[in-house]
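These notes concern the structure reproduced below.
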Amino acid sequence: MDWYPDADESTLVRTPIRFATGYAHPVLGSRWFRDTDRRDIQAELPGWPAGPAYTLHSKATQKVDRVGGGLLGGIVTAARVAVEAVTGGNAVQVGGASRSKPQDPANESEDFPVMWAATGTVARTVPWQLDPGRSPEHTRVDAVVTERRFLLLGIGPDLTASATVLWETPRDTVAGAEQLAFSEGGHDVRVTFTDGSWVRLSTGAADKFAGVLAERRKLLPESELTAGQRERLARFVGELPATAQPPKLFRLASGIVLAEAQVPAKVGKGLFETHSILMGETGEAARPQPGDL
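When we follow full-length UniProt numbering, the leftmost residue of the sequence shown carries the number 1, and every step to the right adds one.
Here it is, written out as structure tokens:
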């Protein structure tokens, strides 16, 4: 599943990703693809296979959902988390809600668009493989952000095969990325493009993915570290397993420095654990400030 950036760029973040799924009861388990008049545009997206049709849940259905969600829903979620942690499967690991009320009712409880796109906009070009209702079993999509590009990679059931670039766009077409509080586990991110279109995605690394894409994390060369930070970085590297990748350095919005290193996980090929430290000006341990993550 290896994919490598060009010689003049580096991978700033890579994470499994998919279209988000409705969390409020009226839209539970649903997702829609809309233009700016709220028309359904699934049939207009070139090359997309047919997908499931959704309707808003009635109040009676919502009552059943509440009862089922308390026991059966919890069992299903727990089982899904356990399976995905091992397999790196199509669905993204989820947890409890971060907020009890929708922050954007029009798009989170009255409707749940995961694509908002006028004709000819960037959001309409993202691949159908992001949709859990369309993608084949035992496959997934990884999002990759480099200094120059935002890419989506297709990962098939054969983890020894190379990843396929499904889609990419220059970083300057991205206007912003925001982690959305009202979502299962706080895993949803809205990526907005400069033409006003957007997609709502879900990833277990929502804070990191949104932070890098929105440039709240600035890639930092080691030469710009202070003497104390270089000394702390050397100790951090010395404590890492031998299989660790070289660390990446980021200056966060508050000015503190984040060092991150990826270590291959034992649970499956192509999966990684992240080891990190936060450093102040002299290399001392630091706490993230509002807006950093």
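Even glycine gets a Cβ: it sits at the ideal position worked out from N, Cα and C.
Check                                                                                                      : Outcome
Proximal residues to Gly156 (C-beta, below 7 angstroms), its chain only, five neighbours per side dropped  : Thr139
Three-state secondary structure assigned by DSSP to Val27                                                  : helix
Distance between Ala242 and Arg232 (C-alpha atoms, nearest Å)                                              : 18 angstroms
Residue burial classification, Ala7 (beta-carbon count within 10 angstroms, cutoff 16)                     : exposed
Sequence-distant residues of its chain with Cβ nearer than 6 angstroms to Thr164 (five each side left out) : Gly154
Three-pair Cβ contact test at 8 angstroms for the stretch 21-40 versus the stretch 206-218                 : no
Option nearest Leu271 by Cα separation, candidates Thr192, Val114, Thr160 and Ala118                       : Thr160
Candidates Thr55, Phe33, Arg38 and Ser58, of which the one nearest Trp48 by Cα                             : Phe33
Identified DSSP bridge partners for Ile277                                                                 : Ala259
Burial state of Glu239 (16 or more Cβ within 10 Å)                                                         : exposed
Contact set for Ala175: own chain, Cβ-Cβ below 7 angstroms, skip 5 residues either direction               : Thr192, Phe193 and Thr194
Where the beta strand (DSSP E) containing Asp142 begins and where it ends                                  : Arg140 to Thr146
CB of Asp142 within 9 angstroms of CB of Val27, strictly                                                   : no
Short Cβ contact (9 angstroms threshold) for Trp128 with Trp198                                            : no
Buried or exposed (CB count within 10 angstroms, at least 16 for buried), Ala205                           : buried
Where Phe182 sits in the DSSP three-state scheme                                                           : coil
Counted within 10 angstroms of its Cβ, other Cβ atoms place Lys135 as buried (16 or more) or exposed       : Here the sequence assigns Ser to residue 135, which means Lys is not the residue at that position. Answer is buried; the Cβ neighbour count reaches 16.
Check whether Ala265 and Ile277 have beta carbons under 9 angstroms apart                                  : no
Reduced DSSP secondary structure (H/G/I, E/B, other) of Arg230                                             : helix
Beta-carbon spacing of Leu220, Arg171 below 9 angstroms                                                    : no
Closer than 9 angstroms to chain D by CB, Arg251                                                           : As a matter of chain content, chain D is missing from the structure shown, which is built from one protein chain.
Three-state secondary structure (DSSP) of Lys218                                                           : strand
C-alpha distance - Pro290 paired with Ala123, whole-angstrom precision                                     : 29 angstroms
Reduced DSSP category for Pro105 - H, G, I as helix; E, B as strand; rest coil                             : helix
Paired residues, beta bridge with Arg251 - DSSP                                                            : Lys218 and Val257
CB contact flag (Leu201, Leu130, <9 angstroms)                                                             : yes
For Thr36, three-class secondary structure by DSSP                                                         : coil
Proximity to Ala106 [Cα-Cα], best of Thr173, Ala43 and Thr36                                               : Thr36
Supposed contact pair Glu273 and Val257 - C-beta distance, whole angstroms, cut 8 angstroms                : The pair is not a contact, with the Cβ atoms about 21 angstroms apart (cut-off 8 angstroms).
Start and end residues, beta strand (DSSP E) containing Gly154                                             : Arg149 to Ile155
9 angstroms Cβ cutoff met for Pro113 and Arg38                                                             : yes
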